[in-house]
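Asker:
Residue numbers (the numbering used here): 553 to 753.
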């Protein structure tokens, strides 16, 4: 990595997980985050209503942090039925080819080039269990964007470190399976009532 790249702030990711809204904001302030980019397809929570879109936007504004919704282009449950395999799982390699997703990644890459301090936010606390690493992190890494994942313990891991957890080193004769969502979805159904239903299974 050259010096110019290493001097730039990385693109952070975080899942609020079990944090309270106060704890969540404290972590954002710890990492000097100015923008929260919500990458949940359905930005609502029945279990943690303080993290639903409007309530979260208000709380972040009070902390002088800007809220941006991008779940329509970077969400883990796309509307496009072509993004699902025969088992109903989201095929991340297919999603990567879609214009809507590429547009979203380009927007984040542009923000990185402008040295914006932002975090991509989802609900799952563990980055290795979320599309923010397996889909978005991989795409940003391929685009030369440095990504740091804030885990459930408020520690950061690189994209490479997270992917070692997702995909342990195979033996000489093994091949990796395609990266997909952990949960099966029916893309024709209405969006889930809350993000936990979407990402935790």
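Note that CB positions come from ideal geometry on N, CA and C, so glycine has one too.
In the DSSP assignment, find the unbroken beta strand (DSSP E) run with residue 688 in it and report its ends.
Answerer: Residue 688 -> no beta strand (DSSP E), and no H or E assigned at all.
Asker: Of the choices 620, 594 and 574, whose alpha-carbon is the least far from that of residue 671?
Answerer: Checking every option, the nearest Cα to that of residue 671 belongs to 620.
Asker: Please report the straight-line C-alpha distance between residue 587 and residue 609, rounded to a whole angstrom.
Answerer: Roughly 11 Å between the two C-alpha positions.
Asker: Can you tell me where the beta strand (DSSP E) holding residue 620 begins and where it ends?
Answerer: Residues 618-621.
Asker: Please classify residue 599: is it buried, with 16 or more other beta-carbons within 10 angstroms of its beta-carbon, or exposed?
Answerer: Residue 599 should be labelled exposed.
Asker: With distances taken from CA atoms, which of 563, 573 and 680 is nearest residue 713?
Answerer: Answer by Cα proximity: 680.
Asker: Which residues in the same chain have their Cβ closer than 7 Å to the Cβ of residue 682, if we skip the five residues on either side of it in sequence?
Answerer: These residues qualify, in order along the chain: 567, 674, 676 and 751.
Asker: Kindly list the residues whose CB is nearer than 6 Å to the CB of residue 706, restricted to its own chain and excluding five residues on each side of it in sequence; keep chain order.
Answerer: Counting only Cβ-Cβ distances below 6 Å, and skipping sequence neighbours, we find 579.
Asker: State the Cα-Cα distance for the pair residue 692 and residue 603, rounded to the nearest angstrom.
Answerer: Using only the alpha carbons, I get a separation of about 25 Å.
Asker: Can you check whether the CB of residue 585 is closer than 8 Å to the CB of residue 617?
Answerer: A contact, by the Cβ cut-off of 8 Å.
Asker: Under three-state DSSP, which class holds residue 761?
Answerer: In the structure displayed, the chain extends from 553 to 753; residue 761 sits before or after that span and is not available.
Asker: Across which residues does DSSP place residue 673 in a beta bridge pair?
Answerer: Residue 673 is bridged to 566 and 590.
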